[in-house]
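K.L.:
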């Protein structure tokens, strides 16, 4: 079964085709949400909601040149925004347990440093406006091009290029604010 | 102040990009969660909306409006005849 074929069948009510789409996309949607909110339990809850919503509204999906993945990302983005709005919280849960993926043979000290860096970076990313978080995560989690991100975010490629540049600058500022980079050292 | 990141590495945005590439790695969701959700989705009834009736609300509103106008006209006519 090809991806396009699966989408066409799923739109027509084929649950097996939807299962195929689910298997192909569940990890990427989970990752996107997990990096946005930083909690495994909430990421699972929101991932489930994304697929339930997609399942319930799949008949509304119209191809129109936008890939199905883009449609899923939009649902995930909206539900994540709702989650932040409804709960009014920005939990900053330690990502050490989930994100600590040490290279074999690394010294424990280096592993700890990596985990700290990762945790601080994720805090900095989650302080960015949602659109910038989305852009950075699509770029680095999915390794997407500006053109592909533009399709998902409903913007032009030029707008994404510009937003990406501004996002990097903001992220760097957040890292400085959080103490990850000492601006005095930077100037030396 | 903590200084976890190499300041020289962060000096240019290129350094930050390299850093992001190294740090942002995909994680795997719990396979139990993935399987359980798949099961739930495959057991859920698929809701297919009946799109043939999507103009029904407009039709009802238009019929109501037309009936109202007709009633108004008939009542007015009856009143004129009475006068």
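Chains as they are written, first to last, in our numbering: chain D, 4 to 191; chain A, 40 to 122.
Just so it is clear, CB atoms sit at the ideal spot from N, CA and C, and this is done for glycine as well.
Do we get a CB-CB distance below 7 Å when we pair residue 34/D with the residues of chain A?
P.N.:
Here residue 34/D refers to the residue found at position 31 when the first chain is read from its first residue. It does: the Cβ of residue 34/D has a partner Cβ on chain A nearer than 7 Å.
K.L.:
At the level of alpha carbons, what is the spacing between residue 65/A and residue 36/D?
P.N.:
As a position in the second chain, residue 65/A is number 26, starting the count at 1. As a position in the first chain, residue 36/D is number 33, starting the count at 1. Straight-line Cα distance between these residues: approximately 11 Å.
K.L.:
Which one of 31/D, 7/D, 153/D and 49/D has the shortest CA to CA distance from residue 20/D?
P.N.:
Position 17 of the first chain holds residue 20/D. When each option's Cα is compared against that of residue 20/D, the closest is 7/D.
K.L.:
Given a threshold of 16 other Cβ atoms within 10 Å of its Cβ, counted over all protein chains shown, does residue 102/A qualify as buried or as exposed?
P.N.:
Working through the second chain from its first residue, we reach residue 102/A at position 63. Exposed is the call here.
K.L.:
Please classify residue 156/D as buried or exposed, where buried requires at least 16 other C-beta atoms within 10 Å of its C-beta.
P.N.:
Reading the first chain from its first residue, position 153 is the one you call residue 156/D. Buried is the call here.
K.L.:
Could you tell me the distance, in whole angstroms, from the CA atom of residue 79/D to the CA atom of residue 177/D?
P.N.:
Here residue 79/D is taken as the residue at index 76 of the first chain, counted from 1. Here residue 177/D is taken as the residue at index 174 of the first chain, counted from 1. Roughly 24 Å separates the two Cα atoms.
K.L.:
My understanding is that residue 82/D touches residue 49/D, with C-beta atoms under 8 Å, so please give their C-beta distance in whole angstroms.
P.N.:
Taking the first chain and counting its residues from 1, the one referred to as residue 82/D is at position 79. Taking the first chain and counting its residues from 1, the one referred to as residue 49/D is at position 46. About 5 Å separates the two Cβ atoms, so the contact holds.
K.L.:
For residue 137/D, does the count of other Cβ atoms within 10 angstroms reach 16, so buried, or fall short, so exposed?
P.N.:
Residue numbering aside, residue 137/D sits at position 134 when the first chain is read from its first letter. So residue 137/D counts as buried.
K.L.:
Please classify residue 6/D: does DSSP put it in a helix, a strand, or coil?
P.N.:
Along the first chain, read from residue 1 onward, the residue named residue 6/D stands at position 3. Helix.
K.L.:
Put residue 23/D into one of helix, strand or coil per three-state DSSP.
P.N.:
One-based indexing of the first chain puts residue 23/D at position 20. In this structure, residue 23/D counts as helix in the three-state DSSP scheme.
K.L.:
Given a threshold of 16 other Cβ atoms within 10 Å of its Cβ, counted over all protein chains shown, does residue 111/A qualify as buried or as exposed?
P.N.:
If you number the second chain from 1, residue 111/A lands on position 72. Looking at its Cβ environment, which holds fewer than 16 other Cβ atoms inside 10 Å, residue 111/A is exposed.
K.L.:
Since residue 117/A meets chain D, which of its residues come closer than 8 Å, beta carbon to beta carbon?
P.N.:
Indexing the second chain from 1 puts residue 117/A at position 78. Result: empty, since nearest Cβ-Cβ is about 49 Å, beyond 8 Å.
K.L.:
Does the beta carbon of residue 71/A sit closer than 7 Å to a beta carbon anywhere in chain D?
P.N.:
Your numbering for residue 71/A matches position 32 in the second chain. Closer than 7 Å: no.
K.L.:
Quick check on DSSP: helix, strand or coil for residue 176/D?
P.N.:
Sequence index remark: in the first chain, residue 176/D carries index 173 (1-based). Helix at residue 176/D.
K.L.:
If you draw a straight line from the alpha carbon of residue 154/D to that of residue 63/D, how long is it in whole angstroms?
P.N.:
Sequence index remark: in the first chain, residue 154/D carries index 151 (1-based). Sequence index remark: in the first chain, residue 63/D carries index 60 (1-based). Each residue's Cα considered, the two are about 18 Å apart.
K.L.:
Among 51/A, 73/A, 58/A and 75/A, which one has its Cα closest to the Cα of residue 123/D?
P.N.:
Taking the first residue of the first chain as position 1, residue 123/D is located at position 120. That would be 58/A, whose Cα lies nearest to the Cα of residue 123/D.
K.L.:
Buried or exposed, going by whether 16 or more other CB atoms sit within 10 Å of the CB of residue 190/D?
P.N.:
Counting from one through the first chain, the residue named residue 190/D turns up at place 187. Its pLDDT being 43, under 50, residue 190/D is placed unreliably by the model, and nothing is read from it.
K.L.:
For residue 83/A, I'd like the list of residues in its chain whose CB is within less than 7 Å of its CB, leaving aside the five on either flank, ordered along the chain.
P.N.:
On the second chain, residue 83/A is found 44 positions in, with the first residue counted as 1. Closer than 7 Å at the Cβ level, and outside the excluded window around residue 83/A, lies no residue.
K.L.:
May I ask you to list, following chain order, the residues of the region 51 to 79 of chain A that have a beta carbon less than 8 Å from some beta carbon of chain D?
P.N.:
Listed by position along the chain: 52, 55, 56, 58, 59, 60, 62, 63, 64, 65, 66, 67, 68, 69, 72, 73, 76, 77 and 79.
K.L.:
Strictly below 7 Å CB to CB, what residues from chain D border residue 83/A?
P.N.:
Mapped onto the second chain, residue 83/A falls at position 44. Residues of chain D passing the Cβ test: 58.
K.L.:
Here's a check: name, in chain order, each residue in its chain whose Cβ is nearer than 6 Å to the Cβ of residue 10/D, leaving out the five neighbours to either side.
P.N.:
Indexing the first chain from 1 puts residue 10/D at position 7. For residue 10/D, where only same-chain residues beyond five positions count, the Cβ hits under 6 Å are 71.
K.L.:
Using three-state DSSP, classify residue 60/D as helix, strand or coil.
P.N.:
As a position in the first chain, residue 60/D is number 57, starting the count at 1. Here residue 60/D sits in helix by DSSP.
K.L.:
Buried or exposed: which applies to residue 97/A, given that a residue is buried once 16 or more other Cβ atoms fall within 10 Å of its Cβ?
P.N.:
For the purposes of this step, residue 97/A is taken as the residue at position 58 of the second chain. Exposed, since its Cβ has fewer than 16 Cβ neighbours within 10 Å.
K.L.:
When you compare only the Cα positions, how much space is there between residue 171/D and residue 128/D?
P.N.:
Start at 1 with the first residue of the first chain, and residue 171/D comes out as number 168. Start at 1 with the first residue of the first chain, and residue 128/D comes out as number 125. Computed Cα separation, rounded: 10 Å.
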